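Engineer:
2 protein chains.
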Amino acid sequence: MLLKKKKKEGESNTEPVAPATTDPFEKFRSIDWLREWTRDRQREKHFAKRHKSPVVRKLHKLWGTNSGWICVFMVGLSIGALGGLITLGTRYMSDLKNGVCLDRFWLDQQLCCRWQNDTLFVTDVCDEWKTWPEVLGIGVSKNQSFWDYTVEFLFFCIIAAFLTTWAALLVYMFAPYASGSGIPEVKCILSGAILRGYLGKMTLFVKTISLTLVAASVLSLGKEGPLVHLASCLGNIYADLFPKYGRNEAKKREILSASAAAGVAAAFGAPVGGVLFSLEEASYYFSVKTMARSFLSALIASVVVRLANPFGTYQTPLFFVDYRMSWSFLEMIPFILLGIFGALIGCLFIVANLKWCKVRKTTRLGKHPVIEVLVVTIFMAAVAYHNPYTRKATSALIQELFDRCNYGGQPTDLCNYVNITSDSGEPLLTADNYGHTGGLGPNLKSALWKLALALVCKLIFTVFTFGMKIPAGLFIPSIAMGSIAGRLMGIGMEQLVLTWQGNSPWLKEHCQVGVDCVMPGLYALIGAAAVLVGVTRMTVSLVVIMFELTGSLEFVVPAMVTVLITNWLGAYIYERGIYDAHIHQNGYPFLDGREKFESTTPVKAVMNPRPGGVPLRVVSQDTVTLGDIEQMLKDTHYNGYPVVDNEIDNNLIGFVERTDLKLLLNYYAHNGEIGKGHHSSQSTVRSNSLSATSIESALNDLTVYSAFSNATTTNASNSRGQLGEKTASLHIPNKLMDTTPLSIDGEMPMEKVVDMFIKLGGRHILVTKKGRLLGLITRKDATRYVREVEEQGSDDEHESEEIELIGEPKPNEVNNGGIEYIRL
Amino acid sequence: MLLKKKKKEGESNTEPVAPATTDPFEKFRSIDWLREWTRDRQREKHFAKRHKSPVVRKLHKLWGTNSGWICVFMVGLSIGALGGLITLGTRYMSDLKNGVCLDRFWLDQQLCCRWQNDTLFVTDVCDEWKTWPEVLGIGVSKNQSFWDYTVEFLFFCIIAAFLTTWAALLVYMFAPYASGSGIPEVKCILSGAILRGYLGKMTLFVKTISLTLVAASVLSLGKEGPLVHLASCLGNIYADLFPKYGRNEAKKREILSASAAAGVAAAFGAPVGGVLFSLEEASYYFSVKTMARSFLSALIASVVVRLANPFGTYQTPLFFVDYRMSWSFLEMIPFILLGIFGALIGCLFIVANLKWCKVRKTTRLGKHPVIEVLVVTIFMAAVAYHNPYTRKATSALIQELFDRCNYGGQPTDLCNYVNITSDSGEPLLTADNYGHTGGLGPNLKSALWKLALALVCKLIFTVFTFGMKIPAGLFIPSIAMGSIAGRLMGIGMEQLVLTWQGNSPWLKEHCQVGVDCVMPGLYALIGAAAVLVGVTRMTVSLVVIMFELTGSLEFVVPAMVTVLITNWLGAYIYERGIYDAHIHQNGYPFLDGREKFESTTPVKAVMNPRPGGVPLRVVSQDTVTLGDIEQMLKDTHYNGYPVVDNEIDNNLIGFVERTDLKLLLNYYAHNGEIGKGHHSSQSTVRSNSLSATSIESALNDLTVYSAFSNATTTNASNSRGQLGEKTASLHIPNKLMDTTPLSIDGEMPMEKVVDMFIKLGGRHILVTKKGRLLGLITRKDATRYVREVEEQGSDDEHESEEIELIGEPKPNEVNNGGIEYIRL
């Protein structure tokens, strides 16, 4: 059944003949890690050969070693600055929804009031800052009238819609790739996919601006994922300044890994968390050197972004908390409950979001992204305005939920505790001297309802927001949902303990509520971690990020317990995190090295050629002609072709890349044909080899350092032959081929083959039997196969019998079994 | 040149013919990751085939998924308890050096006084606790006389010598493997080496006791490395309770990775740091599942070890600090200086320690490990006694160095600040109201000298201690050295700023010394990180461990900067950390996946057979006889043998493991010979295949689940033949072979081959040319080659010419070129 399905899809099972296709697999090209790594090594040797001076060599080596560091340093610096700018811009525009600074319209509320008061004390209330009703002269009285409210409401909705619509328009018109969080795509790119323009300058520019715009709106989104994308763009752009990295896709990904770390660091001011995020979640190959570079990049980014914060100090975490308490083992029960909640809401979110994204993709909705954004924004603004907890900026909400009561600042509704007495005047619940705790006051009671509503709103909003064609991250909404739930549970626990305290001497002795017992802010923190894990399925990096965010390390044990519970339960309900789920749903070619893939299907049933598949194009060294190759390059767009000695023996002798074949054709066109007799031995080929000048131009044009590293600089013949003689036979020099391509036996089970693709990073593996070429399997074939098996449930045990039905291609029959020889 | 050297060593270039050898390569066997992973998968399928009931299958699957979690949970629990016990024991015996609790001799000083005073207040002074002079009735007066001092001194030295000598004797007599830190060996084991008994019960038992003994002595060592070793022992022992892990070396290493994390967590109470240590430093393959399990294991261990601390709370970090200050950017200069110091002292330590270990190994010193320990202890005790900073327990010293002044407790010498006035009575330096800072008091001045001396002593002591035949870790001594240096620099900076403050209004305004400027304790913390990095070359994990140790997160930026500086400079001076350096010096077969290995030497120059190498033993399917195989198994001890079809074609058809060949012989011995004609086709072989009962016994004896998973249970013939007929020809069934072994072309450069060994984890790769077997290269061959290239400097560019001299084995000549066929 599995194989039958593949038959139908067979046509597109290798690289596309015609690149225009809707299959997302074809949008991405994949890199050959093995080849790129080799090229990097050969590039060094090539340089060493050209430059004999030891001083030049040493300088070159020093530059080679340090250029990577310089590059990641620049990335860290830039993304830190960019992160700071976006924060400032967001704050200004967010305040603009409510009012304006009359004197200096370019200042946000805090800056405006600080300017006027000329003090270090930060206040949000001053004369210069006018709300919109005040500006319009409606609400001079401080008692909010109906008109005030309405005008404020309208301004709020209109400005929010204005912001997001502009963002959506920018994305729609100039850079479609700027939408979404970008983490799934960055993950694919780090795994070796190439998506032209995804990390380009236009994407960087548009995403920066539109992110600032949408982050200031009421939409439920964060700027963390987009910052990772922006950092990767910067990494990509800076890498191009250094040929070692810019011209080598594998080396470039080292820079991109470090950039991803810097992106998270810039978002949260969490350098260690950033490195771990890149390691655990984003990167595919992560060497120790990359770790050290990520470290530097993340460090610089977090320092710079903190410097850009005009009021905080550069040393304060984003959501600083200071609980000064310890937790009790009994509290593990509510923590575990929060973990379960996190898993449930995480899975609910993932499934709902995926469903909605599918609806968007398959219906007409997907064709009007700007209108969708506009409508959603107006709706959300209209709903969110009436609840202070959805109206205020999400980061301010989170800080309020994390904070303990009466710790500086004015008491909020969440700290509205009162004494409660029974009808007979007997004290039941007593608010302590500091107003830390006690019975629920009226404001707190209404706050609880509003919070519960806000939780539901946030969940629904985020489901609809994530996936729209605007930049949108998931971290902050997830943290917000989790901390609301946590705070609610924390207040519940507090009241529970308070009520029981009268009856239980043990509780009374061991637990002074609010002092070293039940801290609702801690519950908010734990809840935030739980939901974040439920959504993203990160573990270690997430715990570290949470601690760097809050600056508190004492609660590592409860946080880890919760994270583990959420992770287990979450994986049980729905196996993928949101990023992997999107990768999967969008059909990106991502070969996940973490999931254990099991299949004993022999590779010969998956490789090309196979019944129903496209024929394999093979170069036959003994008989191939110039015209054959020209035709082949025209007909197909494969990255490379296997080379066999001749059609009878069919012995594999190498693999030649498309670019090198083109180069060869080019050379023949300029230097005339070389008869087959001329290169019967390799040494003849060498002396007749490509000229120095054509090598130089080839290097510049195609950056194929490797293929030519040994080409001797012999007399370049100026006699230019005609390319008209298509029947002239051709010989592919060994230097142009990979003469030791990876080859495996046709019986090798797919699980081993997939393992080899993941671990070795090649783009193709040749399949042979006793040295005779049977076929070729590409990374994409393997990825597609893994996906098919996953979708059809576990690999069937009786599969081997089905394969017999298709028939094993016998070595002698292979010539007729799909391989097309390039010959006369 | 390179190749010439190899010629001489050629004899031992594969697995040993006679296992008795002094080459450390031969002490270790290496596992075949590929095969073990396959076996694990096949084990599952085998079970599924035997048990058709869905309930049983489901239960089995549930058990399979959860047994790993249960195992690491047990490891965490046990190592946490063990760590707590060792701490208690060490404290008791450490106090015993100074005195005894008269009433209750089994109590240490703190417990004794707490018992007597019956209060929660922890004090070290009470009547019940008697120093040794008091016990002997000499020192009743509190004024220390010369005699008091001498008696105390003698007791101190004698008890210290007594403790370490016992420890050394235990190690010498019962468990030689219990010596050292164990981290280098655990690293090798995690990379796939097998060292019988290294993780055994005896090692666990002896190392636990001797670690407690030595940690209480004056020797400069810590218990962190040994705890990692102990945790690995526990992991190994518990894994044997679960067949899935105990019988599969690759799966067992998943448990061991998690155990290593638990070991660090138990040592420092640092769960996240433990996981990162396992990831960054210890483990070879580290999947996401292993990460989650390490997480659990480390979590449990850190909770349990904190519970075992009778005075602290289970939530306090080991060296809790509370600076409540921020750092200034100008302080980066001293921090960077500390980083440079860390790199220098780290390299100095590594080089000196390696030199001394070499002396120990090559001279007669190595033959008297117990005497060495005794002499060193007496010498060190005699020196250390006279300096309070070397005399006291290292962890107490570190806490004192980290602490800020006047933060609870009695003021120490390090906080002896005074007002300083000029001769004219004008105040120059003023101690602030809280005694935080000011001019240097007399006690502080002398403390500075003592600290400087202590630093030198610690360095020398540690060089001589690490490598002796007792359990000894490096973390605590390194932290001690670093924090002494840091504190010294911090006090220096403090005085500098104090002196300048009078002259610089800027300094006066921006920097209140001790309050939010220059905190000597912070410098100690940074210095500790620097030296630890200089010695071990860990980066991210180390930063996290330091923060979990101290509970302070605000200083992540300066710590990271320092760590980066140290890491760069350290790598520049001496490329390896202490663990890798020991692995290298001891010649352990560790194929480091992190170091970039470059060599274009073709594999055929390194594989066997090659000129000067041992002949390769090959099984020729068509002609092999029973006697041949018996003889081959007797002559050689290889893990497996390539199988070719016949000597003329020499086509590779598979690879057969030694254990499977033995099994086959055994079967033939019991079931009589089977003529070659009987199994001309594979189906015949199958029906004539091994009987059900012999399969069962084979499974139990040799755990070769894989080889027999498909063997059909046909009629077991009871006719037992004689094994006397050695000339009977034999056929190796496909089910007993790996019919798709990894094979590569002889021209493949070694850098690619080494890459394949590291990433795929196989034990051997077959080398072929057009399907014909050329030879075989083992993981050990590759490891040895990498080491040789490293020792001879970088791979020579002109190598390829040298290879020509040796001569390329032509396919047709291979039969005579070293391959020995097993035939009549």
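Here the protein sequences come in this chain order: G and E.
Take 1 as the starting number for the first sequence in full-length UniProt numbering and just add one per residue.
Take 1 as the starting number for the second sequence in full-length UniProt numbering and just add one per residue.
Idealized CB from N, CA, C, for every residue including glycine.
Being a predicted model, the structure only gives us computed values, none of them experimental.
Check the DSSP bridge columns for L29 of chain G and list the partner residues they point to.
Structural biologist: According to the sequence displayed, residue 29 of chain G carries Arg and not Leu. Answer is G:I194.
Engineer: Taking the CB atoms as reference points, tell me whether P184 of chain G and H584 of chain G lie closer together than 7 Å.
Structural biologist: No.
Engineer: What residues from chain G crowd round E747 of chain E, counting only those whose CB sits closer than 9 Å?
Structural biologist: Within chain G, the residues near E747 of chain E are T739, T740.
Engineer: Let me confirm a value: H731 of chain G is counted as buried when at least 16 other C-beta atoms fall within 10 Å, else exposed. Which label applies?
Structural biologist: Buried, because 16 or more other Cβ atoms sit within 10 Å of the Cβ of H731 of chain G.
Engineer: Any beta carbon from chain G within less than 7 Å of K770 of chain E's own beta carbon?
Structural biologist: Interface residue, yes.
Engineer: Less than 7 Å between CB atoms is the rule here; does G551 of chain E satisfy it with respect to chain G?
Structural biologist: Yes - at least one Cβ of chain G is within 7 Å of the one on G551 of chain E.
Engineer: Would you list the one or two residues that DSSP bridges to F655 of chain E?
Structural biologist: Answer by DSSP bridge pairing, in chain order: E:P642, E:D738.
Engineer: Would you mind working out which of G:R41, G:L213, G:E548 sits nearest R91 of chain G, comparing C-alpha positions?
Structural biologist: Residue G:L213 is the option with its Cα nearest to R91 of chain G.
Engineer: Would the beta-carbon of A265 of chain G fall within 7 Å of that of A298 of chain G?
Structural biologist: In contact: A265 of chain G and A298 of chain G (Cβ atoms closer than 7 Å).
Engineer: What is the DSSP secondary structure of K392 of chain E, reduced to helix, strand or coil?
Structural biologist: Looking at K392 of chain E - three-state DSSP - the assignment turns out to be coil, as it is neither helix nor strand.
Engineer: Thinking C-alpha only, which one of G:M202, G:S328, G:N66, G:A216 is nearest P243 of chain G?
Structural biologist: When only C-alpha atoms are compared, the closest one is G:N66.
Engineer: Assign Y284 of chain G to buried or exposed, taking buried as 16 or more other Cβ atoms, counted over all protein chains shown, within 10 Å of its Cβ.
Structural biologist: Buried, since its Cβ has 16 or more Cβ neighbours within 10 Å.
Engineer: Would DSSP call L690 of chain E helix, strand or coil?
Structural biologist: Any reading at L690 of chain E is ruled out, since the residue's pLDDT is 40, under 50, leaving its predicted position unreliable.
Engineer: Rounded to the nearest angstrom, what separates A571 of chain E and P477 of chain E at their Cα positions?
Structural biologist: So the two alpha carbons sit approximately 21 Å from each other.
Engineer: According to DSSP, is S800 of chain E helix, strand or coil?
Structural biologist: Confidence is the limiting factor: at S800 of chain E the pLDDT is only 36, short of 50, which leaves the residue's position unreliable, though a coordinate-based value still follows. The answer is helix: DSSP assigns S800 of chain E an H, G or I state.
Engineer: Answer yes or no: does any C-beta atom of chain E fall closer than 7 Å to that of T536 of chain G?
Structural biologist: No, no contact with chain E.
Engineer: For A160 of chain G and V218 of chain G, which I take to be in contact (beta-carbon distance under 8 Å), what is that distance rounded to the nearest angstrom?
Structural biologist: With 8 Å as the limit, A160 of chain G and V218 of chain G qualify as a contact, their Cβ atoms being about 5 Å apart.
Engineer: Can you tell which of G:T150, G:V351, G:A447, G:A382 has its C-alpha closest to the C-alpha of Y389 of chain G?
Structural biologist: Here the closest residue by C-alpha is G:A447.
Engineer: Starting from I765 of chain G, follow its DSSP beta bridges and name the residues at the other end.
Structural biologist: In the DSSP output, where bridge partners are listed per residue, I765 of chain G has G:I777.
Engineer: Hey, how far is the Cα of I345 of chain G from the Cα of F461 of chain G?
Structural biologist: Near 14 Å, if we compare the C-alpha coordinates of F461 of chain G and I345 of chain G.
Engineer: Give the residues of chain E in contact with N650 of chain G, contact being defined as C-beta atoms less than 8 Å apart.
Structural biologist: Those do not exist, as N650 of chain G stays about 10 Å from chain E at its closest Cβ, beyond 8 Å.
Engineer: So is T778 of chain G buried or exposed if we call it buried at 16+ other beta carbons inside 10 Å?
Structural biologist: Buried is the call here.
Engineer: What separation, rounded to the nearest whole angstrom, lies between the Cα atoms of V383 of chain G and D423 of chain G?
Structural biologist: Using only the alpha carbons, I get a separation of about 39 Å.
Engineer: For A95 of chain E, which of E:I340, E:D40, E:A215 has the nearest alpha-carbon?
Structural biologist: The sequence given here has Asp at residue 95 of chain E, not Ala. Measuring from the Cα of D95 of chain E, the nearest candidate turns out to be E:A215.
Engineer: Considering only the alpha carbon of each residue, which of E:E630, E:N646, E:G80 lies closest to A669 of chain E?
Structural biologist: Ranking E:E630, E:N646, E:G80 by Cα distance to A669 of chain E puts E:E630 first.
Engineer: Buried or exposed: where does Q501 of chain E fall if 16 or more other Cβ atoms within 10 Å of its Cβ makes it buried?
Structural biologist: Buried, because 16 or more other Cβ atoms sit within 10 Å of the Cβ of Q501 of chain E.
Engineer: If I measure Cβ to Cβ from S232 of chain G and keep anything under 8 Å in the same chain, skipping five residues before and after, which residues do I get?
Structural biologist: So the qualifying residues of the chain are G182, V186, I189, L199, L256, S259, A260, G263.
Engineer: Assuming A524 of chain G contacts G486 of chain G (C-beta within less than 8 Å), just tell me the rounded distance between them.
Structural biologist: That pair is a contact at about 4 Å.
Engineer: Distance cutoff 7 Å, beta carbons only. Does H304 of chain E sit that close to anything in chain G?
Structural biologist: Note that residue 304 of chain E is Val in the sequence shown here, rather than His. No, V304 of chain E lies away from the interface with chain G (no Cβ there is under 7 Å from its Cβ).
Engineer: Going by DSSP, what residue range makes up the alpha helix (DSSP H) through S78 of chain E?
Structural biologist: Looking at the DSSP string, the run of the alpha helix (DSSP H) that includes S78 of chain E is 54-96.
Engineer: Less than 8 Å between the CB atoms is what I'm expecting for I573 of chain E and C347 of chain E, so what's the real figure, rounded?
Structural biologist: The Cβ separation is near 4 Å, so the contact holds.
Engineer: So, does the CB of T362 of chain G fall closer than 7 Å to a CB anywhere in chain B?
Structural biologist: No chain B is part of this structure, whose protein chains are labelled G and E.
Engineer: Flag V206 of chain G as yes if its beta-carbon sits less than 7 Å from any beta-carbon of chain E, otherwise no.
Structural biologist: Not an interface residue.
Engineer: Which residue spans inside the segment 331-414 of chain E form an unbroken alpha helix (DSSP H) run of at least 4?
Structural biologist: Runs of the alpha helix (DSSP H) inside the segment 331-414 of chain E: 332-362, 369-384, 388-391, 394-402.
Engineer: At the level of alpha carbons, what is the spacing between A178 of chain G and L204 of chain G?
Structural biologist: Approximately 7 Å between the Cα atoms of the pair.
Engineer: Within this structure, are the beta carbons of G473 of chain G and E224 of chain G separated by less than 7 Å?
Structural biologist: Contact flag set, yes.
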